[in-house]
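In the numbering used here, the protein residues as written are 14 to 368.
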(Lines of atoms letter the chains of each structure in order from A; the text may use other names.)
(Lines give C-alpha, C1' and ligand atoms only; values in the text may rest on other atoms or scores of the structure.)
Protein backbone atom coordinates (compact mmCIF):
# COMPACT_ATOMS: atom_id res chain seq x y z
CA UNK A 14 0.00 0.00 0.00
CA UNK A 15 1.14 3.53 -0.77
CA UNK A 16 0.22 6.63 1.20
CA UNK A 17 0.60 10.25 0.12
CA UNK A 18 0.09 13.55 1.84
CA UNK A 19 -0.48 16.76 -0.13
CA UNK A 20 0.19 19.96 1.79
CA UNK A 21 -2.16 22.56 0.34
CA UNK A 22 -0.69 25.39 2.41
CA UNK A 23 2.74 24.69 0.90
CA UNK A 24 1.12 24.80 -2.53
CA UNK A 25 -0.45 28.17 -1.74
CA UNK A 26 2.87 29.49 -0.44
CA UNK A 27 4.62 28.42 -3.65
CA UNK A 28 2.01 30.21 -5.73
CA UNK A 29 2.36 33.37 -3.63
CA UNK A 30 6.13 33.34 -4.18
CA UNK A 31 5.70 32.85 -7.91
CA UNK A 32 3.19 35.71 -8.12
CA UNK A 33 5.54 38.03 -6.27
CA UNK A 34 8.30 37.36 -8.80
CA UNK A 35 6.30 38.86 -11.69
CA UNK A 36 3.35 40.62 -10.13
CA UNK A 37 2.19 42.24 -13.36
CA UNK A 38 1.70 39.00 -15.29
CA UNK A 39 -1.43 36.82 -15.26
CA UNK A 40 -0.83 33.31 -13.95
CA UNK A 41 -2.34 30.20 -15.51
CA UNK A 42 -2.05 27.30 -13.06
CA UNK A 43 -1.68 23.96 -14.85
CA UNK A 44 -3.76 21.26 -13.14
CA UNK A 45 -3.85 18.62 -15.87
CA UNK A 46 -3.53 14.95 -15.01
CA UNK A 47 -5.55 15.22 -11.78
CA UNK A 48 -3.32 18.17 -10.82
CA UNK A 49 -0.20 16.08 -11.50
CA UNK A 50 -1.68 13.40 -9.26
CA UNK A 51 -2.24 15.74 -6.29
CA UNK A 52 -6.05 15.70 -6.59
CA UNK A 53 -7.76 18.11 -8.98
CA UNK A 54 -10.72 19.15 -6.84
CA UNK A 55 -8.76 19.78 -3.65
CA UNK A 56 -5.99 21.63 -5.46
CA UNK A 57 -8.33 23.86 -7.45
CA UNK A 58 -10.47 24.78 -4.45
CA UNK A 59 -7.37 25.61 -2.41
CA UNK A 60 -5.80 27.86 -5.05
CA UNK A 61 -8.62 29.55 -6.98
CA UNK A 62 -8.09 32.88 -5.17
CA UNK A 63 -4.38 32.95 -6.08
CA UNK A 64 -4.50 32.31 -9.83
CA UNK A 65 -6.03 33.98 -12.88
CA UNK A 66 -6.54 30.95 -15.13
CA UNK A 67 -6.53 27.17 -14.93
CA UNK A 68 -4.95 24.97 -17.58
CA UNK A 69 -6.19 21.41 -18.18
CA UNK A 70 -5.74 18.66 -20.73
CA UNK A 71 -9.29 17.35 -21.16
CA UNK A 72 -12.90 18.45 -21.28
CA UNK A 73 -13.65 16.29 -18.22
CA UNK A 74 -11.07 18.21 -16.17
CA UNK A 75 -12.51 21.55 -17.28
CA UNK A 76 -16.03 20.47 -16.35
CA UNK A 77 -14.86 19.24 -12.95
CA UNK A 78 -13.55 22.74 -12.20
CA UNK A 79 -16.78 24.39 -13.35
CA UNK A 80 -18.82 21.99 -11.23
CA UNK A 81 -17.02 23.34 -8.17
CA UNK A 82 -18.51 26.76 -8.89
CA UNK A 83 -15.20 28.29 -10.00
CA UNK A 84 -15.59 30.73 -12.87
CA UNK A 85 -11.93 31.47 -13.72
CA UNK A 86 -11.15 31.11 -17.43
CA UNK A 87 -9.98 27.61 -18.35
CA UNK A 88 -7.61 26.79 -21.19
CA UNK A 89 -7.89 23.23 -22.52
CA UNK A 90 -4.33 22.58 -23.62
CA UNK A 91 -4.90 19.17 -25.18
CA UNK A 92 -6.50 18.47 -28.56
CA UNK A 93 -10.05 17.24 -28.08
CA UNK A 94 -11.91 14.41 -29.74
CA UNK A 95 -14.60 15.19 -32.35
CA UNK A 96 -17.19 14.34 -29.68
CA UNK A 97 -15.77 16.65 -27.00
CA UNK A 98 -14.85 19.62 -29.19
CA UNK A 99 -18.38 21.02 -29.77
CA UNK A 100 -19.22 20.57 -26.07
CA UNK A 101 -16.13 22.50 -25.01
CA UNK A 102 -16.95 25.32 -27.41
CA UNK A 103 -20.58 25.48 -26.31
CA UNK A 104 -19.54 25.66 -22.64
CA UNK A 105 -17.11 28.52 -23.27
CA UNK A 106 -13.70 26.97 -22.58
CA UNK A 107 -10.62 28.34 -24.32
CA UNK A 108 -8.93 25.99 -26.79
CA UNK A 109 -5.43 25.62 -28.19
CA UNK A 110 -5.44 25.20 -31.99
CA UNK A 111 -2.30 23.74 -33.51
CA UNK A 112 -3.05 23.10 -37.20
CA UNK A 113 -5.46 23.95 -39.99
CA UNK A 114 -7.42 20.70 -39.77
CA UNK A 115 -8.22 21.18 -36.09
CA UNK A 116 -9.05 24.82 -36.65
CA UNK A 117 -11.52 23.98 -39.42
CA UNK A 118 -13.07 21.30 -37.22
CA UNK A 119 -13.49 23.88 -34.45
CA UNK A 120 -15.12 26.30 -36.89
CA UNK A 121 -17.64 23.66 -37.94
CA UNK A 122 -18.28 22.65 -34.34
CA UNK A 123 -18.85 26.26 -33.25
CA UNK A 124 -21.87 26.62 -35.53
CA UNK A 125 -23.73 29.74 -34.31
CA UNK A 126 -21.55 30.39 -31.25
CA UNK A 127 -17.93 31.54 -30.91
CA UNK A 128 -14.89 29.35 -30.23
CA UNK A 129 -12.24 31.09 -28.11
CA UNK A 130 -8.91 29.93 -29.53
CA UNK A 131 -5.23 30.36 -28.70
CA UNK A 132 -3.00 29.91 -31.76
CA UNK A 133 -0.10 27.57 -31.04
CA UNK A 134 3.10 28.50 -32.87
CA UNK A 135 5.66 25.74 -33.43
CA UNK A 136 8.40 26.04 -30.82
CA UNK A 137 10.37 23.08 -32.23
CA UNK A 138 11.34 20.39 -31.95
CA UNK A 139 7.81 19.07 -31.87
CA UNK A 140 4.92 17.80 -33.99
CA UNK A 141 2.42 20.57 -33.23
CA UNK A 142 1.97 24.23 -33.99
CA UNK A 143 1.65 26.59 -36.94
CA UNK A 144 4.91 27.60 -38.57
CA UNK A 145 5.86 31.21 -37.77
CA UNK A 146 5.61 32.22 -41.42
CA UNK A 147 1.97 31.01 -41.50
CA UNK A 148 0.77 33.04 -38.53
CA UNK A 149 0.16 36.44 -40.10
CA UNK A 150 -2.00 34.98 -42.85
CA UNK A 151 -3.81 32.82 -40.32
CA UNK A 152 -4.71 35.74 -38.07
CA UNK A 153 -5.87 37.73 -41.07
CA UNK A 154 -8.07 34.86 -42.25
CA UNK A 155 -9.56 34.36 -38.79
CA UNK A 156 -10.78 37.95 -38.78
CA UNK A 157 -13.30 36.91 -41.44
CA UNK A 158 -14.70 33.97 -39.45
CA UNK A 159 -17.52 35.05 -37.19
CA UNK A 160 -17.54 31.82 -35.14
CA UNK A 161 -13.80 31.74 -34.36
CA UNK A 162 -12.52 34.32 -31.91
CA UNK A 163 -8.71 34.36 -31.68
CA UNK A 164 -8.04 35.54 -28.14
CA UNK A 165 -4.49 34.29 -27.65
CA UNK A 166 -1.25 33.24 -29.26
CA UNK A 167 1.26 30.94 -27.60
CA UNK A 168 4.33 28.82 -28.05
CA UNK A 169 6.41 26.49 -25.87
CA UNK A 170 10.00 26.12 -24.66
CA UNK A 171 10.99 22.43 -24.74
CA UNK A 172 14.54 23.06 -23.51
CA UNK A 173 13.94 25.78 -20.92
CA UNK A 174 14.79 23.38 -18.07
CA UNK A 175 18.32 22.78 -19.35
CA UNK A 176 21.46 24.32 -17.86
CA UNK A 177 23.62 23.45 -20.88
CA UNK A 178 24.98 26.68 -22.43
CA UNK A 179 24.00 25.78 -25.99
CA UNK A 180 20.42 24.94 -24.97
CA UNK A 181 20.11 28.11 -22.87
CA UNK A 182 21.17 30.09 -25.94
CA UNK A 183 18.67 28.19 -28.11
CA UNK A 184 15.81 28.92 -25.69
CA UNK A 185 16.74 32.62 -25.50
CA UNK A 186 16.71 32.77 -29.31
CA UNK A 187 13.31 31.05 -29.39
CA UNK A 188 11.86 33.65 -27.04
CA UNK A 189 13.35 36.50 -29.06
CA UNK A 190 11.98 35.14 -32.35
CA UNK A 191 8.50 34.64 -30.92
CA UNK A 192 8.58 38.13 -29.40
CA UNK A 193 9.51 39.62 -32.77
CA UNK A 194 6.61 37.72 -34.40
CA UNK A 195 4.19 39.20 -31.86
CA UNK A 196 5.53 42.73 -32.32
CA UNK A 197 5.29 42.37 -36.10
CA UNK A 198 1.64 41.32 -35.81
CA UNK A 199 0.93 44.27 -33.52
CA UNK A 200 2.58 46.72 -35.91
CA UNK A 201 0.14 45.48 -38.55
CA UNK A 202 -2.87 45.94 -36.31
CA UNK A 203 -3.25 42.28 -35.32
CA UNK A 204 -3.03 42.36 -31.53
CA UNK A 205 -4.29 39.35 -29.60
CA UNK A 206 -5.33 39.77 -25.94
CA UNK A 207 -3.24 36.94 -24.45
CA UNK A 208 0.36 36.18 -25.37
CA UNK A 209 2.22 33.36 -23.60
CA UNK A 210 5.29 31.20 -24.05
CA UNK A 211 6.56 30.48 -20.52
CA UNK A 212 6.26 27.20 -18.71
CA UNK A 213 7.67 26.89 -15.18
CA UNK A 214 11.25 26.62 -16.39
CA UNK A 215 10.90 29.50 -18.80
CA UNK A 216 9.27 31.69 -16.18
CA UNK A 217 11.99 31.12 -13.57
CA UNK A 218 15.03 31.11 -15.84
CA UNK A 219 14.07 33.69 -18.49
CA UNK A 220 12.43 36.82 -16.98
CA UNK A 221 11.77 38.23 -20.45
CA UNK A 222 8.95 35.66 -20.81
CA UNK A 223 6.82 37.72 -18.41
CA UNK A 224 7.62 41.15 -19.89
CA UNK A 225 5.84 42.90 -22.75
CA UNK A 226 4.45 41.68 -25.07
CA UNK A 227 3.94 38.56 -22.91
CA UNK A 228 1.13 38.87 -20.36
CA UNK A 229 0.34 35.29 -19.28
CA UNK A 230 2.54 32.47 -17.91
CA UNK A 231 1.72 28.77 -17.60
CA UNK A 232 2.90 27.45 -14.24
CA UNK A 233 2.74 23.77 -13.35
CA UNK A 234 5.77 21.97 -11.94
CA UNK A 235 7.11 25.01 -10.05
CA UNK A 236 3.87 25.52 -8.12
CA UNK A 237 4.03 21.94 -6.87
CA UNK A 238 7.62 22.57 -5.77
CA UNK A 239 9.42 20.00 -7.90
CA UNK A 240 12.09 22.12 -9.49
CA UNK A 241 15.60 21.27 -10.57
CA UNK A 242 18.50 22.15 -8.30
CA UNK A 243 19.38 25.41 -10.05
CA UNK A 244 15.93 26.92 -9.31
CA UNK A 245 15.93 26.28 -5.56
CA UNK A 246 17.00 29.86 -4.94
CA UNK A 247 13.33 30.79 -5.38
CA UNK A 248 12.38 29.11 -2.08
CA UNK A 249 9.83 26.72 -3.55
CA UNK A 250 8.98 23.65 -1.47
CA UNK A 251 7.66 20.23 -2.51
CA UNK A 252 3.96 19.78 -1.91
CA UNK A 253 3.72 15.99 -1.55
CA UNK A 254 5.40 13.17 0.30
CA UNK A 255 4.84 9.48 -0.45
CA UNK A 256 5.52 6.50 1.77
CA UNK A 257 4.79 2.84 2.30
CA UNK A 258 5.42 0.47 5.21
CA UNK A 259 7.33 -2.68 5.98
CA UNK A 260 5.11 -5.77 5.88
CA UNK A 261 7.74 -8.48 6.43
CA UNK A 262 11.40 -8.92 7.42
CA UNK A 263 13.91 -11.68 6.79
CA UNK A 264 17.63 -12.34 7.31
CA UNK A 265 19.24 -13.54 4.09
CA UNK A 266 22.68 -15.25 3.90
CA UNK A 267 24.52 -13.51 1.08
CA UNK A 268 27.41 -14.43 2.26
CA UNK A 269 27.09 -12.81 5.60
CA UNK A 270 23.69 -11.90 6.88
CA UNK A 271 21.67 -9.27 5.02
CA UNK A 272 18.54 -7.90 6.68
CA UNK A 273 15.77 -7.54 4.08
CA UNK A 274 12.51 -5.64 4.45
CA UNK A 275 9.54 -6.17 2.15
CA UNK A 276 7.30 -3.21 1.29
CA UNK A 277 3.69 -3.79 0.36
CA UNK A 278 4.03 -1.71 -2.83
CA UNK A 279 5.42 -2.48 -6.27
CA UNK A 280 5.06 -1.37 -9.86
CA UNK A 281 1.35 -2.25 -9.75
CA UNK A 282 1.06 0.64 -7.29
CA UNK A 283 3.01 3.05 -9.50
CA UNK A 284 6.54 2.47 -8.18
CA UNK A 285 9.14 3.10 -10.85
CA UNK A 286 11.97 0.70 -11.61
CA UNK A 287 14.16 3.81 -11.36
CA UNK A 288 13.81 3.73 -7.57
CA UNK A 289 17.31 3.28 -6.11
CA UNK A 290 16.74 3.56 -2.35
CA UNK A 291 14.27 4.77 0.27
CA UNK A 292 14.49 6.34 3.72
CA UNK A 293 13.93 3.98 6.66
CA UNK A 294 14.20 5.48 10.15
CA UNK A 295 16.21 8.34 8.64
CA UNK A 296 18.73 6.08 6.85
CA UNK A 297 19.07 5.28 3.17
CA UNK A 298 18.09 1.67 2.43
CA UNK A 299 18.95 0.49 -1.11
CA UNK A 300 16.55 -1.51 -3.26
CA UNK A 301 17.55 -5.19 -3.23
CA UNK A 302 16.96 -6.73 -6.62
CA UNK A 303 14.23 -5.12 -8.73
CA UNK A 304 10.92 -3.47 -7.98
CA UNK A 305 8.33 -6.24 -8.09
CA UNK A 306 4.70 -6.14 -9.11
CA UNK A 307 3.23 -6.28 -5.60
CA UNK A 308 6.24 -5.59 -3.39
CA UNK A 309 9.69 -4.09 -3.20
CA UNK A 310 12.61 -5.37 -1.12
CA UNK A 311 15.02 -3.05 0.68
CA UNK A 312 18.34 -3.88 2.32
CA UNK A 313 17.95 -2.54 5.87
CA UNK A 314 21.14 -4.05 7.25
CA UNK A 315 22.45 -1.74 9.93
CA UNK A 316 19.25 0.30 10.15
CA UNK A 317 18.06 0.12 13.76
CA UNK A 318 14.48 -0.35 14.89
CA UNK A 319 12.97 -1.71 11.67
CA UNK A 320 9.86 -3.83 12.22
CA UNK A 321 6.53 -4.60 10.64
CA UNK A 322 4.70 -1.31 10.15
CA UNK A 323 7.84 0.84 10.02
CA UNK A 324 7.29 3.79 7.70
CA UNK A 325 9.38 3.84 4.52
CA UNK A 326 9.62 7.24 2.86
CA UNK A 327 9.73 6.90 -0.92
CA UNK A 328 9.47 10.54 -1.92
CA UNK A 329 10.17 13.64 0.13
CA UNK A 330 10.28 16.17 -2.69
CA UNK A 331 13.92 15.96 -3.74
CA UNK A 332 13.58 12.95 -6.02
CA UNK A 333 17.28 12.22 -5.47
CA UNK A 334 16.54 8.53 -4.88
CA UNK A 335 15.22 8.14 -8.42
CA UNK A 336 17.30 7.95 -11.58
CA UNK A 337 16.42 10.79 -13.94
CA UNK A 338 13.63 13.36 -13.74
CA UNK A 339 11.37 12.88 -10.73
CA UNK A 340 7.88 13.64 -12.06
CA UNK A 341 7.50 10.56 -14.30
CA UNK A 342 8.18 8.55 -11.14
CA UNK A 343 6.07 10.64 -8.76
CA UNK A 344 2.81 11.07 -10.70
CA UNK A 345 2.03 7.32 -11.00
CA UNK A 346 2.70 6.86 -7.27
CA UNK A 347 0.33 9.70 -6.38
CA UNK A 348 -2.29 8.26 -8.71
CA UNK A 349 -2.19 4.90 -6.89
CA UNK A 350 -1.71 6.17 -3.32
CA UNK A 351 -4.22 6.58 -0.55
CA UNK A 352 -4.05 10.37 -0.47
CA UNK A 353 -4.71 12.80 2.33
CA UNK A 354 -4.62 16.59 2.28
CA UNK A 355 -3.53 19.03 4.92
CA UNK A 356 -3.79 22.82 5.12
CA UNK A 357 -1.27 23.30 7.92
CA UNK A 358 2.08 24.97 7.37
CA UNK A 359 3.86 22.02 9.02
CA UNK A 360 3.22 18.68 7.26
CA UNK A 361 1.54 16.02 9.34
CA UNK A 362 3.22 12.67 9.78
CA UNK A 363 1.10 9.56 9.42
CA UNK A 364 1.17 7.39 12.54
CA UNK A 365 1.14 3.69 11.67
CA UNK A 366 -0.13 1.51 14.50
CA UNK A 367 1.35 -1.94 14.82
CA UNK A 368 0.11 -4.79 16.93
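Using N, Cα and C, we set each Cβ at its ideal position, and we do this for glycine too.
155 is the residue among 155, 219, 199 whose C-alpha sits nearest the C-alpha of residue 110.
DSSP places residue 312 inside the beta strand (DSSP E), whose first and last residues are 309-312.
Looking at the DSSP output, residue 231 bridges to 41.
A direct Cα-Cα distance of roughly 27 angstroms separates residue 100 from residue 51. Following the DSSP letters along the chain, one finds residue 161 inside the beta strand (DSSP E) bounded by residues 161-167. Residues 128, 158, 160, 161 of the same chain have their beta carbon placed closer than 8 angstroms to that of residue 120, with the five preceding and five following residues left out of the count. Judged by their CB atoms, residue 168 and residue 210 are nearer to each other than the 8 angstroms cut-off.
Going by DSSP, residue 126 is part of no alpha helix (DSSP H) at all; its letter is neither H nor E. Cα atoms of residue 352 and residue 14: separation of roughly 11 angstroms, rounded to the nearest angstrom. The residue among 317, 221, 234 with its C-alpha nearest the C-alpha of residue 344 is 234. In this structure the segment 68-79 does not touch the segment 253-269; the number of beta carbon pairs closer than 8 angstroms is below three. Taken in chain order, the unbroken stretches of beta strand (DSSP E) that lie wholly in the segment 166-221 and span 3 residues or more are 207-209.
Contact between residue 300 and residue 292 does not hold, since the beta-carbon distance rounds to 12 angstroms and is not under 8 angstroms. With a cutoff of 8 angstroms on beta-carbon distance, residue 55 and residue 354 are scored as near each other. Separation of residue 48 and residue 237 (C-alpha to C-alpha, rounded to the nearest whole angstrom) is 9 angstroms. Annotated as proximal: residue 165 and residue 208, with beta-carbon spacing under 8 angstroms. Taking C-beta atoms as the reference points, residue 63 and residue 29 count as a pair closer than 8 angstroms. Close CB contacts of residue 220 within its chain, under the 7 angstroms cut and outside five residues either way in sequence, are absent. Assignment of beta-bridge partners to residue 68 by DSSP yields 43, 88.
Look at residue 28 here: in three-state DSSP terms it is helix.
Taking residue 308 as the centre and dropping the five residues before and after it, the same chain places the C-beta of 260, 275, 276, 277, 278, 279 closer than 8 angstroms to its C-beta, in chain order. Setting aside the 5 residues that flank it on each side, residue 310 is surrounded in the same chain by 273, 275, 301, 302, each with a C-beta closer than 6 angstroms to its C-beta; the list follows chain order. For residue 299, the uninterrupted beta strand (DSSP E) segment begins and ends at 296-299.
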